[in-house]
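What follows is a set of notes on a single structure, which appears directly below.
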Amino acid sequence: MSDTFILIPGRTSKQGCGISEGKYGENYQSEVNTLQVSPSDMERLALSDGDRVRLKGEHGEIDVAIKAAKKGELPSGMLFIAYGDMSSRLMGGDTHGSGMPTSKGLDVELTVLK
Numbered sequence: 004m005s006d007t008f009i010l011i012p013g014r015t016s017k018q019g020c021g022i023s024e025g026k027y028g029e030n031y032q033s034e035v036n037t038l039q040v041s042p043s044d045m046e047r048l049a050l051s052d053g054d055r056v057r058l059k060g061e062h063g064e065i066d067v068a069i070k071a072a073k074k075g076e077l078p079s080g081m082l083f084i085a086y087g088d089m090s091s092r093l094m095g096g097d098t099h100g101s102g103m104p105t106s107k108g109l110d111v112e113l114t115v116l117k
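See below:
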């Protein structure tokens with residue numbers, strides 16, 4: 004079973020703090036390799052922190068661990084992942100002259116991996 008969501012990649016404060024330890028440090032890697040899902044979507048899909056899902060978009064797919072977003076931070080139907088290797092795999096190469104590929108509002112299909 005799969006559901007369609009809107010993915011919003013971006014930077015997080017934990018990601019910024021973790022970079023002082025280096026991009027290969029545990030804190031940084033944990034932040035960029037975890038997908039945040041709204042608590043209501045977690046409940047609806049019977050998901051728990053640490054479960055793994057597959058996200059498939061127009062430009063690629065990834066398998067990633069999930070965690071519930073803090074209540075009120077992420078509306079139902081939207082997902083968040085910190086910028087990094089995983090989020091980059093879902094972005095196309097066209098920068099529209101800006102130097103940054105489109106990274107907001109990506110339509111993705113989420114499939115629960117069991």
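Taking the numbering used here, I'd label the letters of the sequence shown as residues 4 to 117. Glycine included, C-beta positions come from ideal geometry on N, C-alpha and C. All figures in this text were calculated on a predicted structure; none of them were measured in a lab.
Tell me which residues share the same chain as K107 and place their Cβ nearer than 7 Å to its Cβ, disregarding the 5 neighbours each side in the sequence. Here the question's residue 107 lines up with position 104 in the sequence shown. Cβ neighbours of K107 beyond the five flanking positions: I11.
Could you work out which residue in V40, A49, N36, S51 is closest to D66 when comparing CA atoms only? Counting from 1 along the sequence shown, the entry for residue 66 is found at position 63. Considering only alpha carbons, the answer is N36.
Run the CB neighbour count on L93, radius 10 Å, all protein chains shown included, and call it buried at 16 or more, exposed below. Taking the sequence shown and counting its residues from 1, one reaches residue 93 at position 90. Buried.
Would you mind sorting E34 into buried or exposed? The rule is 16 or more other CB atoms within 10 Å of its CB. For the purposes of this step, residue 34 is taken as the residue at position 31 of the sequence shown. Buried, because 16 or more other Cβ atoms sit within 10 Å of the Cβ of E34.
When we look at the beta-carbon of L110 and count the other beta-carbons within 10 Å, is it buried (16 or more) or exposed? In the sequence shown, residue 110 corresponds to position 107, counting from 1. Note that residue 110 is Asp in the sequence shown here, rather than Leu. D110 should be labelled exposed.
Give me, in chain order, the residues of the same chain whose beta-carbon lies closer than 6 Å to that of T7; leave out the 5 immediate sequence neighbours on both sides. Working through the sequence shown from its first residue, we reach residue 7 at position 4. Result list for T7: E112, in chain order.
Would you decide whether D44 is buried or exposed? Buried here means 16 or more other CB atoms lie within 10 Å of its CB. Taking the sequence shown and counting its residues from 1, one reaches residue 44 at position 41. D44 sits buried, since 16 or more C-beta atoms from the chains shown fall within 10 Å of its C-beta.
If you follow the beta strand (DSSP E) that D54 is part of, which residue opens it and which one closes it? Here the question's residue 54 lines up with position 51 in the sequence shown. Per DSSP, D54 belongs to no beta strand (DSSP E) and is neither H nor E.
Would I69 pass as a contact of L116 if the rule is Cβ separation under 8 Å? Position 66 of the sequence shown, counted from the first residue, corresponds to residue 69. Position 113 of the sequence shown, counted from the first residue, corresponds to residue 116. It is not a contact, given that the beta carbons lie outside the stated cut-off.
Separation of K59 from L48, as counted between CA atoms: The residue labelled residue 48 in the question sits at position 45 within the sequence shown. The residue labelled residue 59 in the question sits at position 56 within the sequence shown. Each residue's alpha carbon lies about 17 Å from the other.
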